[in-house]
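Participant:
Numbering (the UniProt record's numbering), first residue to last: 1 to 106.
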């Protein structure tokens, strides 16, 4: 988040920067933390996993990559089952697919 930014404004800005899409924020899917899940980035930065996931609807823009990504694409639910990904990412997808009213806290 940038100084003076609401979480909704941060989501809208980050999605635009990282995908090229303009979005409307619909709801919070979940809040995820795990002291055992450490992320080491290629630039040497190391962080403990913490994320808040939101459901958004695309309202404009065009799919594009950013300096933080080298490829961006859509997948069907079935295709995601075959993708190699960290188990924490798979949990977020499964939580979204449950369509619960209340956000998950994990």
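Note that the Cβ used here is the ideal one computed from N, Cα and C, for glycine as well.
Out of 38, 71 and 28, state which residue places its alpha-carbon closest to the alpha-carbon of residue 101.
Facilitator: 28
Participant: What does the alpha-carbon distance come out to for the pair residue 41 and residue 86?
Facilitator: 14 Å
Participant: Could you tell me which whole beta strand (DSSP E) segments of length 3 or greater appear in the segment 43 to 100?
Facilitator: 46 to 61
Participant: So what does DSSP say about residue 27, is it helix, strand or coil?
Facilitator: Per DSSP, reduced to three states, the secondary structure at residue 27 is strand.
Participant: Cα-Cα, which of 105, 13, 7 and 21 is closest to residue 57?
Facilitator: 21
Participant: Under 9 Å between the Cβ atoms of residue 108 and residue 69?
Facilitator: Missing from the structure shown is residue 108; the chain here goes from 1 to 106 and no further.
Participant: Do residue 38 and residue 52 count as a contact pair if the criterion is CB distance below 9 Å?
Facilitator: no
Participant: Return helix, strand or coil for residue 36, following the three-state DSSP convention.
Facilitator: If DSSP states are grouped into helix, strand and coil, residue 36 belongs with the strands.
Participant: Between residue 26 and residue 5, is the Cβ-Cβ spacing less than 9 Å?
Facilitator: no
Participant: Quick one: what's got a C-beta closer than 6 Å to residue 89's C-beta in the same chain, skipping five residues either side?
Facilitator: none
Participant: If you compare alpha carbons, which of 16, 9, 12 and 8 is closest to residue 67?
Facilitator: 16
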